[in-house]
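**Q**
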Amino acid sequence: MKIIMLGAPGAGKGTQAKRIAEKYTVPHISTGDIFRANIKNGTELGNKAKSYMDQGLLVPDELVVDLVVDRVKQDDCVNGYVFDGFPRTIPQAEALDTALKAINEKIDFAVNVEVPDSNIVDRMSGRRACLNCGATYHLEHIPTKVEGICDVCGSELVLRDDDKPETVLKRLKVYHEQTQPLIDFYKNQGVLVEVDGTKDMAEVFKAIVSVLEQ
Ligand code: AP5
Ligand code: MG
């Protein structure tokens, strides 16, 4: 099963992608997580990506596409994967289509998690992320057992640098300009699934699963 998660920053792509990956035993491929891991490890890719991410801008397509195309060729992707935060521009989506076509594959579903901008800033300011294992929490909606400490790996949680309100507004603007057009792109391919992301997390997941298993 090859799935793309679409949606604004903070819509819940990562939250739902993790659940899908677990249920269907496929890898969760988050380009944002890959960049954050690179930043943490001080790699060249991380240094390049950081300046864009901190401003709420997209990392240039050429730094993203090869990385993802290499990733899906790995053995754990034979039964599919869930992309989270990729593709994010029409050129990225076209590059993905071309790469998949070359190996006789295609995307099965593009799941758009819809949340209005007005809900997003609140969600992001309450989010706490583990930069070690990628787990995310929310101060109110998903509290940790011990405040500020990841339930999964015990690392200290952080407010992501790009989750400050002014950067979130910039990310939303970039989303509407560069990523939202992908909704029509995948609608035209007949693979678009739309779910209401303002519902409770478990309900959103149920709605997604019911479409995937139709
Ligand atoms: P990325 O890490 O992908 O960030 P994003 O798309 O901005 O999305 P987020 O991770 O912020 O939100 P999410 O939808 O995953 O929401 P979450 O589940 O955490 O990208 C970061 C940056 O990297 C980009 O800005 C860009 O610079 C760069 N980048 C990455 N990929 C790129 C690409 N392909 N091309 C170019 N640049 C790229 O949920 C948010 C919060 O809400 C959490 O606290 C969660 O607990 C809570 N929540 C989730 N669901 C619900 C619910 N139903 N009800 C209540 N609360 C909820
Ligand atoms: Mg995410």
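The opening residue of the sequence shown carries number 900 in my numbering; numbering runs sequentially from there.
Built from N, CA and C at the ideal position, the CB exists for glycine as well.
Bear in mind the structure is a predicted one, so any value in this text is a computation, not a measurement.
1. Less than 8 angstroms between the beta carbons of residue 902 and residue 985, yes or no?
2. At a threshold of 7 angstroms, does residue 1037 count as lining the ligand AP5 (C-beta to nearest heavy atom)?
3. Look up residue 1013 in the DSSP assignment and give the residues it is bridged to.
4. With 16 other CB atoms within 10 Å as the buried threshold, where does residue 928 fall?
5. Helix, strand or coil for residue 1005 per DSSP?
6. Starting from residue 983, trace the beta strand (DSSP E) in both directions and tell me its first and last residue.
7. Can you check the region 1033-1102 for any beta strand (DSSP E) of at least 3 residues that lies completely inside it and give the ranges in chain order?
8. Closer than 7 angstroms by C-beta to residue 938: which residues in its own chain qualify, once you throw out the five before and the five after it? Chain order, please.
9. What first and last residue would you give for the alpha helix (DSSP H) that runs through residue 912?
10. Report yes if the C-beta of residue 1025 is less than 7 angstroms from at least one heavy atom of the ligand MG; otherwise report no.
11. Is DSSP giving residue 901 helix, strand or coil here?
12. What are the boundary residues of the beta strand (DSSP E) that residue 1027 is part of?
13. Between residue 1108 and residue 1013, how many whole angstroms is the CB-CB distance? I'm expecting something under 8 angstroms.
14. Quick check on residue 954: buried or exposed, where buried means 16 or more other Cβ atoms within 10 Å of its Cβ?
**A** Per the coordinate set shown:
1. For the purposes of this step, residue 902 is taken as the residue at position 3 of the sequence shown. For the purposes of this step, residue 985 is taken as the residue at position 86 of the sequence shown. No. Outside cutoff.
2. The residue given as residue 1037 occupies position 138 in the sequence shown. Flag set: Cβ of residue 1037 near the ligand AP5.
3. Residue 1013 sits at position 114 when you count from the first residue of the sequence shown. 1095.
4. Indexing the sequence shown from 1 puts residue 928 at position 29. Burial call: buried.
5. What you label residue 1005 is simply residue 106 of the sequence shown in a count that begins at 1. Three-state result, residue 1005: coil.
6. As a first step, residue 983 must be located in the sequence shown, where it is residue number 84. Per DSSP, residue 983 belongs to the beta strand (DSSP E) from 980-983.
7. 1035-1037 and 1091-1095
8. Translated into positions along the sequence shown, residue 938 becomes position 39. Cβ within range, chain order: 945, 948 and 949.
9. For this step, residue 912 is matched to residue 13 along the sequence shown. Counting along the chain, the alpha helix (DSSP H) containing residue 912 begins and ends at 912-923.
10. Looking up residue 1025 in the sequence shown gives position 126. Residue 1025: no, Cβ never under 7 angstroms from the ligand MG.
11. Translated into the one-based positions of the sequence shown, residue 901 becomes position 2. Three-state DSSP puts residue 901 in a strand.
12. On the sequence shown, residue 1027 is found 128 positions in, with the first residue counted as 1. Element bounds for residue 1027: 1026-1028.
13. Here residue 1108 refers to the residue found at position 209 when the sequence shown is read from its first residue. Here residue 1013 refers to the residue found at position 114 when the sequence shown is read from its first residue. The Cβ separation is near 17 angstroms, so there is no contact.
14. Within the sequence shown, numbered from 1, the residue matching residue 954 stands at position 55. With fewer than 16 Cβ atoms within 10 Å of its Cβ, residue 954 is classed as exposed.
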